[in-house]
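Reading through the C-alpha cells given below for one structure.
This is the structure:
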C-alpha cells in the first residue's frame with residue numbers, strides 16, 4: 001500500500017520479494033495524495049500484484065532518484081506480468097471495475113507528480129507490499145464470483161494494450177525507420193553485436209578499382225529524377241569477445257553527416273531500392289579505431305558484398321609513425337570519401353577527396369570582407385609544421401618585413417585561455433582565425449597528415465590559400481577548379497613563393513578572393529555541405545547526362561533570379577518538337593500584318609499565332625476579316641503603346657520557342673523560318689535571328705557605336721525576326737537590370753538591343769545569324785509608317801548601347817564571324833531534294 005513517508009526518514013528502504021510484517025511497508029509523506037485525482041475522502045490506493053496477493057513489485061533498485069527510474073520500474077514490473085493495479089476503495093463513478101490502466105491520463109498525472117517529488121527529495125523508495133489490515137492479505141479470494149470472469153477478461157485486455165504500448169515505446173526502433181539520428185537519445189536502445197576473433201576481415205583497399213570495375217551501376221537503375229538512393233545501416237554497437245567496444249561513440253560530426261543524408265533527397269528507407277550504402281560506424285578519425293575489429297564490423301553489414309557500392313567517410317587517416325594518406329581499415333571495394341589523399345592512394349574517378357572539417361571555423365563568426373589587398377600580403381598561422389619549412393618562412397619574413405607574418409603557438413597565455421584560438425608572433429598575441437582575414441594570401445602547409453583543417457579556416461576568412469603539400473589531392477578537385485581559388489607551390493619552391501604571388505595581377509587576385517568565398521559557402525561551411533557535395537559527385541558519375549556542369553560547380557551566382565528557375569538545358573535525347581509560337585507586334589498596318597500572318601502560317605512547326613495589338617485608339621479588324629489559318633490565332637489588346645509589350649510572358653504562350661516578328665517582315669519565306677526554328681532547337685539558350693547588327697568602339701568619341709551596315713561580323717540579331725526561349729520574356733519583364741525597361745518604353749526604341757544584352761549577359765554566349773538574307777526593308781511601307789526610318793532613331797540606338805553597357809556594368813555582347821546555313825545551301829543539287837530549297841535571296 002502507498003503511504004506517505006515520514007519526513008525524518010531519509011534513508012532508502014529495502015524492498016524484499018515478500019513481506020510478512022508491517023516493518024516492510026514503505027510510506028511516502030510529501031503530500032502526493034493531495035494532487036492525485038481522487039475524492040477528498042477517498043483513501044489511497046492499495047497496490048497489489050494481480051494473481052499473487054503477497055508478491056512484491058521489484059525493480060533494479062529500491063531507491064529511485066528520477067522519473068526515468070520510475071518508468072523503468074514500471075517496465076520491469078510489466079515484464080513480470082504485472083500490468084494492472086487493484087483498488088481496495090475506489091470511485092465507482094470513474095472506475096467501477098476497480099482497475100487502473102497505466103495509460104490513463106489521471107494515473108499518468110499521479111506518476112508525473114511522484115517523479116517531481118523524487119527530484120526535489122533526492123531519493124525515494126517505492127515498495128509494493130502486502131496491505132496489512134483487518135481484512136488480511138487474501139484479496140483475490142474475497143472477490144465476488146460473479147465479477148471474477150469480468151476481472152480476468154478486463155485484465156487480459158489491459159495487459160495486451162500495455163504490452164503493445166511498452167513494446168512501441170521501449171523497443172529499439174531502427175534508425176532508418178525513425179529518422180532520428182540523435183545518438184544520445186538512442187544509445188540505450190542500440191543493439192550490441194559481439195565479434196568473434198575469427199570473424200572474416202575484408203581485403204585491403206583495391207587500388208585498381210574504378211567505377212566501371214568495382215561499382216555495380218545496375219543497383220542504381222533508372223529513375224525520372226536521375227538521383228541515386230542512399231541507405232544508412234541501423235545503429236549498432238560492435239564489441240570484441242571481451243566486450244570492449246571496437247570504436248568510440250559516434251562523434252557529433254558523423255551524427256550530423258548521417259542526419260544530412262537522411263534529410264536529403266538521396267535517402268531511402270528501403271534497402272532493396274538503394275544504390276549506395278553508408279555504414280553507421282564512425283570512421284571520420286582513425287585515431288579511435290581498432291583497425292582489424294572495425295574491418296570485421298564492416299564485413300558484418302548485410303549488403304557488404306566485398307564493399308561493393310558502400311561509401312565510407314574518413315577525414316583523419318593514418319596514424320603514427322607513418323600517417324598513411326588513406327584509411328588503414330581494410331575495406332575491399334568500398335568507395336572512400338577521404339580527407340588526406342595523395343596521388344599514390346587516390347583512385348581517380350572512384351574515391352572522393354573531401355576537406356578536413358574545422359569546427360573552429362564553423363563556430364566563430366567572422367564579418368565578410370570585400371575583395372582587395374589586406375594588411376598582410378602573406379601569412380602563415382599553422383603551429384605544428386616542420387622546422388625546415390618554418391625556417392624558410394621566417395627567412396621570407398625577414399626579407400620582406402611587415403608584408404609577411406609568420407605566427408606560432410603561444411607559450412605565455414593566461415590560464416583559462418584556449419591556445420587553439422590564439423597565435424603569437426614574438427610577444428604579440430593574435431586572435432585565430434580572425435587574424436586570417438587580415439591577409440591576402442595564407443599558407444597551408446602539410447603537417448603529419450596531408451589534409452589540414454587550416455585549409456577550411458583560410459577559406460572561411462576569405463584568404464587565398466597557398467597550398468604547399470606535394471602530391472596532395474585538393475578537396476572535390478574532380479569538379480572544383482582550384483586554379484581559380486588557390487595557388488599551389490611545390491615544397492622545394494617556398495623561397496620563391498613571394499615572387500610568384502606578386503606576379504598575380506590585382507584583378508585576378510580579387511577574383512580569387514571571390515571564388516574562395518564561393519567555395520566556402522557552397523562546399524566547406526558545414527558537415528552537411530560536405531556530405532551533399534560528395535553524394536552529388538557520385539550521382540554525376542552514375543547519371544552523367546544529368547550531371548552538374550562546370551559552370552554550376554565553379555561559378556558564383558552573379559545574378560540570383562528568384563521565383564522562376566532557368567529551364568534551359570540540353571537533354572540526353574532531343575525532346576519531341578512542340579513547335580513555336582509566333583508573336584506579331586502591330587499598330588495599324590493591317591495589310592502587311594495579314595501578309596505576315598499568311599506567310600508565317602505556312603511554316604510546318606508553327607503551333608500558335610499571337611497578335612499584340614498595340615493601338616489603344618483603334619480597334620483591331622473584325623473576326624471575319626482575318627486570314628483563315630490552320631493554327632489558333634489570338635489577338636491581345638494592350639493597355640499602353642509600349643514596345644516592351646512584345647516581350648510580356650503571356651499565358652497564351654505554351655511552347656518553349658517564341659518567334660518575335662514585326663508586322664512589316666513580309667519577305668521571309670516559310671523555308672527560312674523553318675530552318676531558323678531547327679537551328680534554335682539545337683541551341684535553345686541562344687538568340688537565333690535574321691537581321692544581323694554590330695556594335696563597335698569609336699576611338700575618336702570614346703564610346704560604343706551602333707552599326708547597321710553589312711560587315712563580316714555580327715554581335716546582335718534584331719527581334720523584328722528572331723527565335724528565343726520564352727524564359728527570356730519573364731526576365732525581360734520582371735528582372736531587367738536598372739531602368740532599362742522604362743527607358744525603352746519612354747524612348748520607343750531599342751527593345752531589341754535590350755533583349756540582346758539580356759540574353760548575352762545571362763548565357764555568356766553569342767547570337768546566331770541564320771540564312772544569307774540581309775535586306776529587310778518593307779517596300780510598301782512609307783516614311784511615316786516605321787520608327788526605324790526616322791534619322792534620330794539610328795542616333796538613339798548608339799546611345800542605347802552606351803546606356804545599357806553602363807547599367808550592366810560590362811559589355812556582354814559577343815562578336816562572331818559566322819552564320820548558319822543549310823548543309824546543301826548553294827550545292828549543285830536538285831532543289832526538290834533539298835530540305836530548305838527556298839533560301840538564298842539577299
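Numbering (full-length UniProt numbering), first residue to last: 1 to 842. Ideal placement from N, C-alpha and C gives every residue a C-beta, glycine not left out.
Could you please give me the residues that DSSP links to residue i through a beta bridge?
i, result
"residue 238", "193"
"residue 635", "611"
"residue 596", "In DSSP, residue 596 forms no bridge with anything."
"residue 204", "None; residue 204 has no bridge partner."
"residue 267", "230"
"residue 724", "658"
"residue 245", "239"
"residue 769", "689 and 819"
Nearest CA to the CA of residue i: which residue from the options?
i, options, result
"residue 400", "378, 707 and 544", "378"
"residue 663", "588, 691, 617 and 695", "588"
"residue 330", "804, 290, 358 and 315", "290"
"residue 421", "412, 483, 347 and 434", "434"
"residue 386", "423, 404 and 445", "445"
"residue 428", "440, 441, 410 and 436", "410"
"residue 749", "725, 728 and 792", "792"
"residue 337", "262, 198 and 477", "477"
"residue 688", "705, 612, 363 and 659", "659"
"residue 742", "692, 645 and 723", "645"
"residue 530", "794, 353, 798 and 343", "353"
Please classify residue i: does DSSP put it in a helix, a strand, or coil?
i, result
"residue 365", "coil"
"residue 463", "coil"
"residue 535", "helix"
"residue 431", "strand"
"residue 470", "coil"
"residue 298", "helix"
"residue 622", "coil"
"residue 424", "strand"
"residue 477", "coil"
"residue 707", "strand"
"residue 647", "helix"
"residue 697", "strand"
"residue 794", "helix"
Please report the residue range of the beta strand (DSSP E) in which residue i lies.
i, result
"residue 730", "Note, residue 730: premise wrong, no beta strand (DSSP E); alpha helix (DSSP H) at 727-734."
"residue 500", "Run containing residue 500: none in the beta strand (DSSP E); it sits in the alpha helix (DSSP H), 497-502."
"residue 338", "335-338"
"residue 380", "376-380"
"residue 584", "580-586"
"residue 447", "Unbroken run through residue 447: none, as it is neither H nor E."
"residue 406", "404-406"
"residue 276", "276-278"
Less than 9 Å between the beta carbons of residue i and residue j, yes or no?
i, j, result
"residue 475", "residue 355", "yes"
"residue 488", "residue 550", "no"
"residue 321", "residue 328", "no"
"residue 306", "residue 333", "yes"
"residue 609", "residue 590", "no"
"residue 335", "residue 310", "yes"
"residue 603", "residue 686", "no"
"residue 451", "residue 341", "yes"
"residue 729", "residue 649", "yes"
"residue 231", "residue 267", "yes"
"residue 615", "residue 586", "yes"
"residue 243", "residue 288", "no"
"residue 600", "residue 636", "no"
"residue 454", "residue 374", "no"
Could you give the residue range of the alpha helix (DSSP H) that holds residue i?
i, result
"residue 324", "Note, residue 324: premise wrong, no alpha helix (DSSP H); not H, not E."
"residue 750", "Careful: residue 750 lies outside any alpha helix (DSSP H) and carries neither H nor E."
"residue 550", "550-554"
"residue 517", "506-519"
"residue 214", "211-214"
"residue 679", "670-682"
"residue 314", "Careful: residue 314 lies outside any alpha helix (DSSP H), inside the beta strand (DSSP E) at 311-314."
"residue 257", "252-262"
"residue 390", "387-400"
Check whether the Cβ of residue i lies closer than 9 Å to any Cβ atom in chain B.
i, result
"residue 389", "The question asks about chain B, but that chain is absent: this structure has only one protein chain."
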